[in-house]
Amino acid sequence: MQQTHDATTTMHFIDGRWQPSASGKVVHTYSPSTGARLAAIAEGDRIDAQAAIAAARRGFKSLARLTRWERARLCFRIADEVERRSDELSRVLAMEQGKPLEAEARGEVAAAATGFREAGELIKWMEGEFIPVETPGKRVISYRQARGVYAVITPWNFPINIPVEYLAPCLAAGNAVVWVPAPTTSLCAAMLMECIAAADLPNGAVNLVFGPGAVVGDEIVADPGTDGIGFTGSARTGGLIAQRGAGKPMLLELGGNGPVVVLDDADLDRAAEAAAFGSFFNAGQVCAASGRILVTERSYDALSEKIAAIAGKVRLGDPLDPSTTMGPLNNAMVATKVDEHVADGLARGAELLVGGNRSPELGSELFYKPTVLGRVPVEALLNSAETFGPVAPIVVCSDEADLLATANAASHGLAASVFTRDLGRAFAFGENLTAGLVNINSASCYWELHLPFGGAAGKQSGIGRLGGKHSLREVTDIKTITFDIS
Ligand code: NAD
Numbered sequence: 001m002q003q004t005h006d007a008t009t010t011m012h013f014i015d016g017r018w019q020p021s022a023s024g025k026v027v028h029t030y031s032p033s034t035g036a037r038l039a040a041i042a043e044g045d046r047i048d049a050q051a052a053i054a055a056a057r058r059g060f061k062s063l064a065r066l067t068r069w070e071r072a073r074l075c076f077r078i079a080d081e082v083e084r085r086s087d088e089l090s091r092v093l094a095m096e097q098g099k100p101l102e103a104e105a106r107g108e109v110a111a112a113a114t115g116f117r118e119a120g121e122l123i124k125w126m127e128g129e130f131i132p133v134e135t136p137g138k139r140v141i142s143y144r145q146a147r148g149v150y151a152v153i154t155p156w157n158f159p160i161n162i163p164v165e166y167l168a169p170c171l172a173a174g175n176a177v178v179w180v181p182a183p184t185t186s187l188c189a190a191m192l193m194e195c196i197a198a199a200d201l202p203n204g205a206v207n208l209v210f211g212p213g214a215v216v217g218d219e220i221v222a223d224p225g226t227d228g229i230g231f232t233g234s235a236r237t238g239g240l241i242a243q244r245g246a247g248k249p250m251l252l253e254l255g256g257n258g259p260v261v262v263l264d265d266a267d268l269d270r271a272a273e274a275a276a277f278g279s280f281f282n283a284g285q286v287c288a289a290s291g292r293i294l295v296t297e298r299s300y301d302a303l304s305e306k307i308a309a310i311a312g313k314v315r316l317g318d319p320l321d322p323s324t325t326m327g328p329l330n331n332a333m334v335a336t337k338v339d340e341h342v343a344d345g346l347a348r349g350a351e352l353l354v355g356g357n358r359s360p361e362l363g364s365e366l367f368y369k370p371t372v373l374g375r376v377p378v379e380a381l382l383n384s385a386e387t388f389g390p391v392a393p394i395v396v397c398s399d400e401a402d403l404l405a406t407a408n409a410a411s412h413g414l415a416a417s418v419f420t421r422d423l424g425r426a427f428a429f430g431e432n433l434t435a436g437l438v439n440i441n442s443a444s445c446y447w448e449l450h451l452p453f454g455g456a457a458g459k460q461s462g463i464g465r466l467g468g469k470h471s472l473r474e475v476t477d478i479k480t481i482t483f484d485i486s
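Under this note's numbering, the residues of the sequence shown are numbered 1 to 486, in order.
Take a look at the structure:
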């Protein structure tokens, strides 16, 4: 296998080769937990992105010559390689992204292997249709076909697993890919790309281009050489992509502000555990996090006490220390947003129950204490916008109707939870929530790779559904062929 790096720099992977930027420029990535420089990364521009698109167009032709069984085998080989290198991958993920190695990073890497394996399995059994028609002598079939070259743009919060959610179904279905990862997790992307390259794909089948999203990401979205778009990131960037890529099929997985709704008859221990887990998992940098916890006065005191007690047990620290359960935030932008949301909540009268500021003594400015705020007013940013940090904001509503109205008032509609002992009540409440995924009696971020995941219509959480067969449908077109045998 070729080297990802020359003597000093992590390079792009274009046309089956690791290559420097056409401009020769490099940028650096830094550890969020120590601030130390981790690596020099090739900084791409539009020229590099165009080279990758040209390579992908050739790669698509090569992929089209492979049977589904052959592409499935490629996916299985990648899964094997991810598993073989899981220790290294998990360490780089913990070092560069900041999530705790034992508590979280290993799980994300394991899921990445599963993602490739499941896409390889599913593509073999994705059947087409024989469609009866009225006209004598006509026979009609329809089946799903790869679209061509996919532009895939991914964020830094799950830098191994989210790319796999696109790369695996694209490759299994026969699409070539140009992938632009988030700059702050470039090393994770390079190592995942090494695992993919080790499967001996046709040249150009998967290409990785580093660089600023607004440059290389924009290029792969807008260039007529790409045929479809897969994007996970913020609603703001999703909006830009929808304009720049107008006319192309696109799967957009955007932000969330998950309501965790605790009805009056809920098991409060269970609700508190799940709500706190959803707030502090990955330091809250999760689209399906417990963005806000909604409860009535009847359960507020007991619930907030329980959540505060759990927050007190979170072990914030070095992601590589096995006892750590929460690491630093990934970057300065997200940390600033958390500061702003907490300050806004307090200024509007929320009560600070735990945390509320950073812990720079742990090694960097990006350590943010697990934080619980009570009696957060509905107009506070903590309730109305996505915070994306380790904050559990508790909002008190007047009754069940108010809980539902407050839950649905947000601009996002991705994942939610409802806690109640009454299954009928849970079902009715869940049906009325404007969210793509509703978890009854568990954390809002429960999900498995084959389950449909995406935003509700009319909200700013995206378009389409990721997950298993849903992803395969999203990255393929329906081809209909009619035969006249008369
Ligand atoms: P972001 O939108 O700032 O960046 C995401 C990616 O887009 C990065 O790779 C970035 O480089 C690239 N990008 C930036 N500007 C671009 C442009 N003009 N054109 C093309 N690409 C561009 O988001 P982020 O802060 O990295 O990620 C956090 C967001 O992602 C949160 O809102 C979170 O909820 C969301 N998210 C959603 C899901 C989901 O499945 N719905 C999963 C994880 C994260």
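Positions of the beta carbon are idealized from the N, C-alpha and C atoms, including for glycine. Nothing here was measured: the structure is a model prediction, and the numbers come from that model.
Residue from N331, F427, V262 and V286 whose Cα sits closest to the Cα of A302 | Counting from 1 along the sequence shown, the entry for residue 302 is found at position 302. Answer by Cα proximity: V262.
Where do the ends of the alpha helix (DSSP H) carrying S86 lie?
-> On the sequence shown, position 86 is the one that residue 86 refers to. That run of the alpha helix (DSSP H) goes S86 to Q97.
With distances taken Cα to Cα, identify the nearest neighbour of G128 among E121, A119 and V140.
-> Here residue 128 corresponds to residue number 128 of the sequence shown, with the count starting at 1. Comparing Cα-Cα distances from G128 to each of E121, A119 and V140, the minimum goes to V140.
Distance between beta carbons of H12 and V209, contact taken as under 8 Å = Taking the first residue of the sequence shown as position 1, residue 209 is located at position 209. Taking the first residue of the sequence shown as position 1, residue 12 is located at position 12. Correct: roughly 5 Å between the Cβ atoms.
Inter-residue Cα distance where the pair is P163 and V152 | Mapped onto the sequence shown, residue 163 falls at position 163. Mapped onto the sequence shown, residue 152 falls at position 152. Looking at the two C-alpha atoms, the distance is approximately 8 Å.
In three-state DSSP terms, what is I160?
-> The count along the sequence shown starts at 1 and reaches residue 160 at position 160. Secondary structure of I160 (DSSP, three-state): coil.
Check whether the Cβ atoms of S364 and S33 lie closer than 9 Å to each other.
-> By 1-based counting over the sequence shown, the position of residue 364 is 364. By 1-based counting over the sequence shown, the position of residue 33 is 33. Taking 9 Å as the Cβ cut-off, S364 and S33 qualify as a contacting pair.
Output yes if chain B places a C-beta closer than 9 Å to the C-beta of Q19; else output no.
-> Considering every chain present, this structure includes no chain B. It has just one protein chain.
Going by other Cβ atoms of all chains shown within 10 Å of its Cβ, with 16 needed for buried, is M333 buried or exposed?
-> To locate residue 333, count along the sequence shown from 1; it is residue 333. So M333 ends up on the exposed side.
Closer than 6 Å by C-beta to D477: which residues in its own chain qualify, once you throw out the five before and the five after it? Chain order, please.
-> As a working note, residue 477 is residue 477 in the sequence shown. In chain order, Q145 and R147 place their CB closer than 6 Å to the CB of D477, counting only its own chain and leaving out the 5 sequence neighbours on each side.
Every unbroken beta strand (DSSP E) within the stretch 284 to 309, with a cutoff of 3 residues, ordered by chain | 292 to 296, all fully within the stretch 284 to 309.
Any non-hydrogen atom of the ligand NAD closer than 8 Å to S461 Cβ | Taking the sequence shown and counting its residues from 1, one reaches residue 461 at position 461. S461: yes, Cβ under 8 Å from the ligand NAD.
Per DSSP, D477 is paired with what?
-> Counted from its first residue, the sequence shown places residue 477 at position 477. Q145.
Out of curiosity, what's the CA-to-CA distance linking C188 and A39?
-> As a first step, residue 188 is located in the sequence shown; it is residue number 188 there, counting from the start. As a first step, residue 39 is located in the sequence shown; it is residue number 39 there, counting from the start. Going from the Cα of C188 to the Cα of A39 covers about 11 Å.
Flag V180 as yes when its Cβ comes closer than 8 Å to any non-hydrogen atom of the ligand NAD, and as no otherwise.
-> Start at 1 with the first residue of the sequence shown, and residue 180 comes out as number 180. Within the cutoff, so yes.
Under three-state DSSP, which class holds D484?
-> Looking up residue 484 in the sequence shown gives position 484. Strand, per DSSP.
Top-ranked residue by Cα proximity to Q285, from I310, P328, L268 and K25 = By 1-based counting over the sequence shown, the position of residue 285 is 285. It is P328 whose Cα lies nearest to the Cα of Q285.
Between which two residues does the alpha helix (DSSP H) harbouring S62 extend?
-> Mapped onto the sequence shown, residue 62 falls at position 62. Looking at the DSSP string, the run of the alpha helix (DSSP H) that includes S62 is R46 to A64.
Same chain, Cβ closer than 7 Å to A168, five either side skipped, listed in chain order | Counting from one through the sequence shown, the residue named residue 168 turns up at place 168. Around A168, the same chain offers C75, G115, F116 and A119 as residues with beta carbons nearer than 7 Å, after the five sequence neighbours per side are excluded.
S486 versus L66 - alpha carbon distance = Within the sequence shown, numbered from 1, the residue matching residue 486 stands at position 486. Within the sequence shown, numbered from 1, the residue matching residue 66 stands at position 66. Distance between the alpha carbons of S486 and L66 is about 33 Å.
L320 versus A190 - alpha carbon distance = Numbered from 1 along the sequence shown, position 320 holds the residue referred to as residue 320. Numbered from 1 along the sequence shown, position 190 holds the residue referred to as residue 190. Here the alpha carbon of L320 sits roughly 20 Å from the alpha carbon of A190.
With distances taken Cα to Cα, identify the nearest neighbour of P370 among I160, A410, R85 and M326.
-> Here residue 370 corresponds to residue number 370 of the sequence shown, with the count starting at 1. Minimum Cα distance to P370 is reached at M326.
Keeping to the same chain, check which residues put their C-beta closer than 8 Å to that of K479; ignore five residues upstream and five downstream.
-> For the purposes of this step, residue 479 is taken as the residue at position 479 of the sequence shown. The answer, listed in chain order, is S142, Y143, R144 and Q145.
Selected residue, minimal CA-CA separation from I123, among V475, D484 and T482 = One-based indexing of the sequence shown puts residue 123 at position 123. Closest option to I123, Cα to Cα, is V475.
Give a yes or no on contact between the stretch 55 to 66 and the stretch 78 to 87, applying the rule of three or more CB pairs nearer than 8 Å.
-> Judged by Cβ distances under 8 Å, the stretch 55 to 66 makes no contact with the stretch 78 to 87, as fewer than three pairs qualify.
P88 versus C397 - alpha carbon distance | One-based indexing of the sequence shown puts residue 88 at position 88. One-based indexing of the sequence shown puts residue 397 at position 397. Before going further, note that residue 88 is Glu rather than Pro in the sequence given. Here the alpha carbon of E88 sits roughly 47 Å from the alpha carbon of C397.
Kindly list the residues whose CB is nearer than 6 Å to the CB of S31, restricted to its own chain and excluding five residues on each side of it in sequence; keep chain order.
-> Against the sequence shown, residue 31 aligns to sequence position 31. Excluding residues within five positions, the ones whose Cβ falls inside 6 Å are L38 and M95.
For K248, which beta-bridge partners are listed by DSSP?
-> By 1-based counting over the sequence shown, the position of residue 248 is 248. Among the bridge pairs identified by DSSP, K248 is matched with none.
C-alpha gap between Q19 and I307, whole angstroms = Residue 19 sits at position 19 when you count from the first residue of the sequence shown. Residue 307 sits at position 307 when you count from the first residue of the sequence shown. Cα-Cα distance, rounded: 49 Å.
With hydrogens ignored, establish whether the beta-carbon of Q285 is closer than 8 Å to any heavy atom of the ligand NAD.
-> Here residue 285 refers to the residue found at position 285 of the sequence shown. Yes, Cβ of Q285 sits closer than 8 Å to a heavy atom of the ligand NAD.
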